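K.L.:
Take full-length UniProt numbering: the last position of the sequence shown gets the number 380, and nothing is skipped along the way. For each residue, glycine too, the CB sits at the ideal point set by N, CA and C. Given the structure is predicted, the values throughout are model-derived calculations rather than measurements.
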Amino acid sequence: MSDDRSLDRSHSDPMNGDRSNDDRDSDDRNNRVAVLGGGSFGTALASIAADNGFEVRQWLRDPALVEQINLEHRNGRYLPDYAINPAVRASTAFEEVLPGAGLVLVAIPSKAFRDVVRQARPWMDASQILVSTTKGIQEEGFKLMSQILEEETGFAHIGVLSGPNLATEVAERQLTATVIASHDALTRTRVQTALGCGYFRVYASNDRYGVELGGALKNLYAIAAGMAAALGMGENTRSMLMTRALAEMSRFAVSQGANPMTFLGLAGVGDLIVTCSSSRSRNYRVGFALGEGRTLDEAVEALGQVAEGVNTVRLVRDKAREEGVYMPIAEGLYQVLFEGVPAREMARLLMRGQQSSDVEFVLSREDVQQDHRDTGGGHD
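#1: What residues in its chain sit with their C-beta under 6 Å from that of residue 255, if we drop five residues either side in the sequence?
#2: So, with DSSP's three-state summary, where would you put residue 80?
#3: Using CA atoms only, rank isn't needed, just tell me which of 195, 220, 187 and 253 is closest to residue 54.
#4: Among residues of its own chain, excluding the 5 on either side of residue 186, which ones have a beta-carbon nearer than 8 Å to its beta-carbon?
#5: Taking Cβ positions, are residue 257 and residue 209 nearer each other than 8 Å?
#6: Starting from the C-beta of residue 177, find all residues in its chain whose C-beta is less than 8 Å away, skip the five residues before and the five after it, and write them out in chain order.
#7: What whole-angstrom Cβ distance do residue 245 and residue 272 have, given they're in contact under 8 Å?
#8: Roughly how many angstroms lie between the CA atoms of residue 284 and residue 290, to the nearest whole one?
#9: Between residue 48 and the rest of its own chain, which residues show a CB-CB distance below 7 Å, the 5 nearest in sequence each way excluded?
#10: Is the CB-CB distance between residue 327 and residue 252 below 8 Å?
#11: Give me the residue from 249, 239 and 73 with the minimum Cα distance to residue 220.
#12: Does the Cβ-Cβ distance between residue 44 and residue 79 come in under 8 Å?
#13: Once you ignore the five residues that flank residue 298 on each side, which residues in its own chain have a CB closer than 6 Å to its CB?
#14: Using three-state DSSP, classify residue 112 as helix, strand or coil.
#15: With 16 other CB atoms within 10 Å as the buried threshold, where does residue 329 fall?
#16: Quick one: grab the DSSP three-state call for residue 383.
#17: Less than 8 Å between the CB atoms is what I'm expecting for residue 105 and residue 42, so what's the real figure, rounded?
#18: Counting only the same chain and skipping the five closest in sequence on each side, list residues whose C-beta sits under 6 Å from that of residue 313.
#19: Span of the beta strand (DSSP E) holding residue 220?
#20: When the Cα atoms are used, what is the spatial distance from residue 91 to residue 63?
#21: Given a threshold of 16 other Cβ atoms within 10 Å of its Cβ, counted over all protein chains shown, does residue 161 qualify as buried or as exposed?
#22: For residue 167, I'd like the list of residues in its chain whose CB is within less than 6 Å of its CB, leaving aside the five on either flank, ordered along the chain.
#23: Output the distance between the C-alpha atoms of residue 296 and residue 100, rounded to the nearest integer angstrom.
#24: Could you tell me how far apart the beta carbons of residue 97 and residue 58 are, in whole angstroms, since I believe they sit closer than 8 Å?
#25: Check each candidate in 180, 175, 141 and 173 and name the one with the smallest Cα separation from residue 133.
#26: Comparing the CB of residue 40 with every heavy atom of the ligand SAH, is any distance shorter than 7 Å?
#27: Could you please give the first and the last residue of the uninterrupted alpha helix (DSSP H) stretch that includes residue 205?
#28: For residue 2, does the count of other Cβ atoms within 10 angstroms reach 16, so buried, or fall short, so exposed?
#29: DSSP three-state call for residue 312: helix, strand or coil?
#30: Please state whether DSSP places residue 286 in a helix, a strand or coil.
This is the structure:
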């Protein structure tokens with residue numbers, strides 16, 4: 001695979017004349033980004049990295065789509081109306097995409113995530129930074145995508161990217177922000193450098209599980225929001241739904257070891273608002289179809305793409321029961337999706353449920369001040 005555009009900066013800098021080959025190899029690696037996945041968000045991120053001057057290689061299964069990206073610079077299946085930076089080069093071969101990449105963005109649906117990472121592993125090396133952009137949960141063992149990356153590779157530099165990022169709006173260069181979460185400072189810094197730009201701001205977090213759970217959990221509440229819209233429920237109702245969804249999300253995440261304060265940020269309430277408010281959201285559209293009276297199979301077939309929230313409803317409901325976490329909206333969604341309960345009946349039952357505290361996680365004034373100091377004053 002070749003690219004007419006040279007991104008090796010050492011050739012244009014006379015000060016690099018005495019540098020070692022190892023230094024040049026390091027520069028090349030830091031300037032290369034690999035994207036695994038040919039969906040809408042992976043394609044949008046590939047184009048951002050190329051816009052930022054990085055050498056970008058994208059792996060896809062479909063040879064026809066690879067050819068279209070390379071020749072026409074567009075993804076006709078998932079982003080048909082948007083141009084892709086011509087510097088993005090696609091391939092069906094891992095060996096043409098992964099070697100030499102310093103940063104690997106994994107944008108694969110959750111059901112295929114482990115299999116693809118396992119297939120790609122022979123062309124990865126431990127110095128690479130691996131970042132999941134997938135907002136889903138694996139059924140077997142209730143695994144998050146970052147945990148799968150750890151299990152399959154054993155690498156040290158692992159992170160997750162999540163936030164209010166509808167792929168079509170990112171492709172349109174609409175202003176937005178996201179969160180890179182990792183225990184590793186190098187991972188956070190490299191992703192901010194590769195993807196941060198004038199319309200895509202990248203904030204950092206060290207609460208990887210919280211950020212990842214926020215991205216996965218909000219999908220199921222987007223289904224509920226779509227149902228509410230189809231049933232003609234008002235703004236008060238939808239506001240209540242999103243607020244109580246946030247309470248459920250944080251309650252569940254704390255049971256899994258996450259920080260509840262993470263859910264006040266972009267990966268929590270930010271992602272929840274956009275996913276529960278937009279007809280561009282796949283999960284919202286599934287919920288809307290269900291609210292109109294369609295079956296789950298009909299709703300998913302009409303969508304034509306993966307809606308991660310459908311699988312997440314079942315997984316989270318079962319896990320919540322196992323852990324003893326009170327999640328009435330998730331329970332109600334399960335009944336609608338898998339037990340045939342009408343959506344309007346679910347709403348009626350939810351309003352008759354137990355009434356508990358509004359805000360469950362309260363910090364003392366001293367805790368707030370200490371957190372402010374720990375984060376450097378909260379500067380943007």
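P.N.:
Based on what the coordinates show:
#1: Along the sequence shown, read from residue 1 onward, the residue named residue 255 stands at position 255. So the qualifying residues of the chain are 323 and 325.
#2: Walking along the sequence shown from the start, residue 80 turns up at place 80. Residue state, collapsed to three classes: strand.
#3: As a first step, residue 54 is located in the sequence shown; it is residue number 54 there, counting from the start. Of the listed residues, the one whose Cα sits closest to residue 54 is 195.
#4: In the sequence shown, residue 186 corresponds to position 186, counting from 1. Answer for residue 186: 129 and 157, listed in chain order.
#5: Taking the sequence shown and counting its residues from 1, the one referred to as residue 257 is at position 257. Taking the sequence shown and counting its residues from 1, the one referred to as residue 209 is at position 209. In contact: residue 257 and residue 209 (Cβ atoms closer than 8 Å).
#6: Here residue 177 is taken as the residue at index 177 of the sequence shown, counted from 1. Contacts found: 163, 164, 200, 201, 202, 203, 266 and 270.
#7: Walking along the sequence shown from the start, residue 245 turns up at place 245. Walking along the sequence shown from the start, residue 272 turns up at place 272. Contact flag correct, Cβ pair sits at about 6 Å.
#8: Along the sequence shown, read from residue 1 onward, the residue named residue 284 stands at position 284. Along the sequence shown, read from residue 1 onward, the residue named residue 290 stands at position 290. Near 10 Å, if we compare the C-alpha coordinates of residue 290 and residue 284.
#9: For the purposes of this step, residue 48 is taken as the residue at position 48 of the sequence shown. These residues qualify, in order along the chain: 195, 197 and 200.
#10: Here residue 327 is taken as the residue at index 327 of the sequence shown, counted from 1. Here residue 252 is taken as the residue at index 252 of the sequence shown, counted from 1. The answer is yes: Cβ separation under 8 Å.
#11: The residue labelled residue 220 in the question sits at position 220 within the sequence shown. Comparing Cα positions, the closest option is 249.
#12: By 1-based counting over the sequence shown, the position of residue 44 is 44. By 1-based counting over the sequence shown, the position of residue 79 is 79. Yes, they are a contact pair.
#13: The residue you call residue 298 lines up with position 298 of the sequence shown. Closer than 6 Å at Cβ, skipping near neighbours: no residue.
#14: Start at 1 with the first residue of the sequence shown, and residue 112 comes out as number 112. Here residue 112 sits in helix by DSSP.
#15: Numbered from its first residue, the sequence shown carries residue 329 at position 329. Residue 329 is buried by the Cβ-count criterion.
#16: Residue 383 is absent from the model: the chain starts at 1 and stops at 380.
#17: Your numbering for residue 105 matches position 105 in the sequence shown. Your numbering for residue 42 matches position 42 in the sequence shown. Indeed, because the Cβ distance is near 7 Å, the residues count as touching under 8 Å.
#18: The residue labelled residue 313 in the question sits at position 313 within the sequence shown. So the qualifying residues of the chain are 220, 333, 334 and 337.
#19: As a first step, residue 220 is located in the sequence shown; it is residue number 220 there, counting from the start. Note, residue 220: premise wrong, no beta strand (DSSP E); alpha helix (DSSP H) at 208-230.
#20: As a first step, residue 91 is located in the sequence shown; it is residue number 91 there, counting from the start. As a first step, residue 63 is located in the sequence shown; it is residue number 63 there, counting from the start. Looking at the two C-alpha atoms, the distance is approximately 8 Å.
#21: Locating residue 161 in the sequence shown gives position 161, counting from the first residue. With 16 or more other Cβ atoms within 10 Å, it is buried.
#22: Taking the sequence shown and counting its residues from 1, the one referred to as residue 167 is at position 167. Answer for residue 167: 40, 41 and 44, listed in chain order.
#23: Looking up residue 296 in the sequence shown gives position 296. Looking up residue 100 in the sequence shown gives position 100. Their backbone Cα atoms lie some 43 Å apart in a straight line.
#24: As a working note, residue 97 is residue 97 in the sequence shown. As a working note, residue 58 is residue 58 in the sequence shown. Yes, they are in contact, since the Cβ atoms of residue 97 and residue 58 sit about 7 Å apart, within 8 Å.
#25: For the purposes of this step, residue 133 is taken as residue 133 along the sequence shown, with counting starting at 1. When only C-alpha atoms are compared, the closest one is 180.
#26: As for the ligand SAH, it is missing from this structure, which has no ligand bound.
#27: Here the question's residue 205 lines up with position 205 in the sequence shown. Note, residue 205: premise wrong, no alpha helix (DSSP H); beta strand (DSSP E) at 200-205.
#28: To locate residue 2, count along the sequence shown from 1; it is residue 2. Low local confidence applies: a pLDDT of 38 at residue 2 is under 50, so the model's placement there is unreliable, with the coordinate-based value given in what follows. Exposed, because fewer than 16 other Cβ atoms sit within 10 Å of the Cβ of residue 2.
#29: Within the sequence shown, the letter at position 312 stands for residue 312. Residue 312 falls in the helix class under three-state DSSP.
#30: Here the question's residue 286 lines up with position 286 in the sequence shown. Helix at residue 286.
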